[in-house]
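Peer 1: The structure under discussion is supplied below as structure tokens; questions concerning it will follow.
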Amino acid sequence: MEFTANSLEQHWMPFTGNRDFKANPRIVVKGEGMYYIDHKGGKILDGASALFCCPLGHGRPEIANAVRDQLLTNDYTPPFQLGHPGSFELASLVARITPEPINHVFFVNSGSESIDTALKIAMAYHRAKGEGQRTRFVSRERAYHGVNIGGVSLAGMVKNRETFSGVMPNVVCMRHTLLEGNEFIPGQPTRGAELADDLKRFCETYGGSTIAAVFVEPIAGSTGVLVPPVGYLERLREICDQHGILLVFDEVITGFGRTGQAFASQSFGVTPDIMTMAKALTNGAQPMGAVAVKDSIYDTIIDAAPENAIEFFHGYTYSGHPAACAAGIVTQNIFEKDNLFARANKLSGYFAEALHSLKDMECLKDIRSYGLLGAVEVKAKGAPGALGTQLQKDLFWNGLHIKFTGDSGIIAPQFVAEEKHIDEIVDKLRKTFSKI
Ligand SMILES: Cc1ncc(COP(=O)(O)O)c(C=O)c1O
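Heads up: the sequence shown begins at 1185 in my numbering, then just goes up one per residue.
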């Protein structure tokens, strides 16, 4: 199958150099298990669970059949003032694995929508409590919280912000947690917990009672797997508690087993007030996200509204879409039946060792890893990110898909991967990087 530049012109592709891509396209025509097949017939190992969405591997017939059956039974029900069984069942399955007392789940269609929804829940909660003066939000350098105006306002990535000046006001960013001297450490670095004291300084500068919520990815994923130093998340939790600030964990990448437990919250032993999630919720087979909140947040917002009135003026036409719920239910059941979070946990030792075996490569600046998530950062050549962009393409043509952000290549194997797949990933990284 051949694709010409002309036939690709109409689709304006997201987060892609359109001119570069269309001159030399990389089209995936099939996904099966651990592999993609491209339009030239090449076999590509998917070393990133696609975009961190597909830990069960590609083309799962159980999910496809459930979606098909659902569409033939009930293709769509308006989510406002009506319900269908799937959304209640999926909410129960998600609440079963979130940490206590996080037991209420609001469905959305993407990670970006989960962030906007979490921002609005935080605002609604404080207002319901009579603390409407809490209008400030805290985020972090190198944060990625999606691309809607809420997420861009929280973003700590210059390229995602600089074009869009009219975002939400009143957001301040803590420093990121990547400390010089912490390179090539598998798991959590021991230095750096004090970086959480940036939040304390904001409380001293702006007044803790003006801050509504702090948003962090427990592991900053998209900007290159920045693993939190030991004690850092605990310290954030402590400061939030002292000042009545909500702690929001964005678990869009880390959720559903990526860290070896259901959520990073459990891996790190820190419970937030609100969690955002998406991606692996449906194994990527249907677009879906969710926000899960503590009982006290749900109860406060619900109880503050007049009896029988709508309590939260928010929702999407496709919130809890029946087909997405069907995919989500099967995905969650497979996670449980096949004990896949434990499998991810077990494989993570082998993964870390294999990835860190690349340490001898002269071109590498750092290797980071936690659970089944890792990054190899190359030393920049020319403009920052130029080498990373080239490597992403070279790796693809050498039979490996991973995600590059800037000069960090991010690796996230499927939970169904075997040791030989990890070996293949590392082998292909070494071969491709040795040509730099
Ligand atoms: C931590 C985090 N939050 C939010 C998002 C946005 O998700 P989506 O692309 O589904 O809108 C992402 C996407 O990678 C993410 O990694």
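Think of the CB as a built atom: it goes at the ideal place given N, C-alpha and C, for glycine as much as any other residue.
Give the secondary structure of C1424 by DSSP, where H, G and I count as helix, E and B as strand, and everything else as coil.
Peer 2: The sequence position of residue 1424 within the sequence shown is 240, counting from 1. DSSP places C1424 in helix when its eight states are reduced to three.
Peer 1: Could you please give me the residues that DSSP links to P1370 through a beta bridge?
Peer 2: Your numbering for residue 1370 matches position 186 in the sequence shown. Paired residues: S1553.
Peer 1: Using a 10 Å radius around the Cβ and a threshold of 16 neighbouring Cβ atoms, would you call S1553 buried or exposed?
Peer 2: Locating residue 1553 in the sequence shown gives position 369, counting from the first residue. That one is buried.
Peer 1: Are there any heavy atoms of ligand 1 lying less than 6 angstroms away from the beta-carbon of V1129, as far as the coordinates show?
Peer 2: For the chain, the structure presents residues 1185 to 1620; residue 1129 sits outside this window and is missing.
Peer 1: Taking the C-alpha atoms as reference points, what is the distance between A1189 and L1410?
Peer 2: Residue numbering aside, residue 1189 sits at position 5 when the sequence shown is read from its first letter. Residue numbering aside, residue 1410 sits at position 226 when the sequence shown is read from its first letter. Caution is warranted here: a pLDDT of 49 is assigned to A1189, below 50, making its placement in the model unreliable, and the coordinate value is therefore given only provisionally. Roughly 37 angstroms between the two C-alpha positions.
Peer 1: Where does E1315 sit, in a helix, a strand or coil, going by DSSP?
Peer 2: In the sequence shown, the residue the question calls residue 1315 occupies position 131. Here E1315 sits in coil by DSSP.
Peer 1: What separation, rounded to the nearest whole angstrom, lies between the Cα atoms of D1434 and K1304?
Peer 2: Reading the sequence shown from its first residue, position 250 is the one you call residue 1434. Reading the sequence shown from its first residue, position 120 is the one you call residue 1304. So the alpha carbons of these two residues sit roughly 15 angstroms apart.
Peer 1: Using 8 angstroms for Cβ pairs, my map puts I1403 next to L1430. What's the rounded Cβ distance?
Peer 2: As a working note, residue 1403 is residue 219 in the sequence shown. As a working note, residue 1430 is residue 246 in the sequence shown. Contact flag wrong, Cβ pair sits at about 20 angstroms.
Peer 1: Between the region 1384-1391 and the region 1293-1312, do at least 3 Cβ pairs fall closer than 8 angstroms?
Peer 2: no
Peer 1: Taking Y1502 as the reference, give the member of N1529, Q1470 and V1477 with the closest Cα.
Peer 2: By one-based count along the sequence shown, residue 1502 stands at place 318. Answer by Cα proximity: Q1470.
Peer 1: Can you tell me whether N1208 is buried or exposed, with buried defined as 16 or more other CB within 10 angstroms of its CB?
Peer 2: The residue given as residue 1208 occupies position 24 in the sequence shown. With fewer than 16 other Cβ atoms within 10 Å, it is exposed.
Peer 1: From M1341 to T1261, what does the alpha carbon distance come to, in whole angstroms?
Peer 2: Reading the sequence shown from its first residue, position 157 is the one you call residue 1341. Reading the sequence shown from its first residue, position 77 is the one you call residue 1261. Taking the straight line joining both Cα atoms gives about 38 angstroms.
Peer 1: At a threshold of 6 angstroms, does S1698 count as lining ligand 1 (C-beta to nearest heavy atom)?
Peer 2: Within the shown structure, residues of the chain are numbered from 1185 to 1620, placing residue 1698 beyond reach of any answer.
Peer 1: Could you tell me which whole alpha helix (DSSP H) segments of length 4 or greater appear in the region 1275-1336?
Peer 2: Here the runs fully enclosed are 1295-1312.
Peer 1: I'd like the span of the alpha helix (DSSP H) that includes A1250, first residue to last.
Peer 2: In the sequence shown, counting from the first residue as 1, residue 1250 sits at position 66. Segment P1245 to T1257, the alpha helix (DSSP H) holding A1250.
Peer 1: For A1189, does the three-state DSSP call read helix, strand or coil?
Peer 2: In the sequence shown, residue 1189 corresponds to position 5, counting from 1. With a pLDDT of 49 at A1189, under the threshold of 50, the predicted position of this residue should be treated as unreliable, though the coordinate-derived value follows. Looking at A1189 - three-state DSSP - the assignment turns out to be coil, as it is neither helix nor strand.
Peer 1: Considering only the beta carbon of each residue, do H1585 and D1230 sit closer than 7 angstroms?
Peer 2: Taking the first residue of the sequence shown as 1, we reach residue 1585 at position 401. Taking the first residue of the sequence shown as 1, we reach residue 1230 at position 46. Against a cut-off of 7 angstroms, the Cβ pair of D1230 and H1585 comes out as a contact.
Peer 1: For K1227, which of helix, strand or coil comes out of DSSP?
Peer 2: Taking the sequence shown and counting its residues from 1, the one referred to as residue 1227 is at position 43. Strand at K1227.
Peer 1: Check whether the region 1529-1546 touches the region 1293-1301, counting contact only when three or more Cβ pairs, one atom from each stretch, lie closer than 8 angstroms.
Peer 2: no
Peer 1: Is there at least one non-hydrogen atom of ligand 1 closer than 6 angstroms to the beta-carbon of H1498?
Peer 2: Working through the sequence shown from its first residue, we reach residue 1498 at position 314. No - ligand 1 has no heavy atom lying nearer than 6 angstroms to the Cβ of H1498.
Peer 1: So, at 8 angstroms on beta carbons, what are the nonlocal neighbours of V1355 in its own chain, with the 5 sequence-adjacent residues on each side left out?
Peer 2: Indexing the sequence shown from 1 puts residue 1355 at position 171. Result list for V1355: R1320, F1321, V1322, S1323, S1337 and L1338, in chain order.
Peer 1: Report the residue from E1401, A1248 and A1275 whose alpha carbon sits nearest the alpha carbon of Y1416.
Peer 2: Locating residue 1416 in the sequence shown gives position 232, where the first residue counts as 1. Per the Cα distances, E1401.
Peer 1: Let me know if S1191 comes out buried or exposed under the rule of 16 or more other beta-carbons within 10 Å of its beta-carbon.
Peer 2: The residue given as residue 1191 occupies position 7 in the sequence shown. With fewer than 16 Cβ atoms within 10 Å of its Cβ, S1191 is classed as exposed.
Peer 1: If you run the structure through DSSP and keep just helix, strand and coil, what is H1242?
Peer 2: Counted from its first residue, the sequence shown places residue 1242 at position 58. H1242: strand per DSSP, three-state reduction.
Peer 1: Give the list of continuous beta strand (DSSP E) stretches no shorter than 3 residues that lie fully inside the region 1339-1405.
Peer 2: 1355-1358 and 1395-1400
Peer 1: Kindly indicate the opening and closing residues of the alpha helix (DSSP H) around S1233.
Peer 2: As a position in the sequence shown, residue 1233 is number 49, starting the count at 1. From DSSP, the alpha helix (DSSP H) with S1233 extends over S1233 to F1236.
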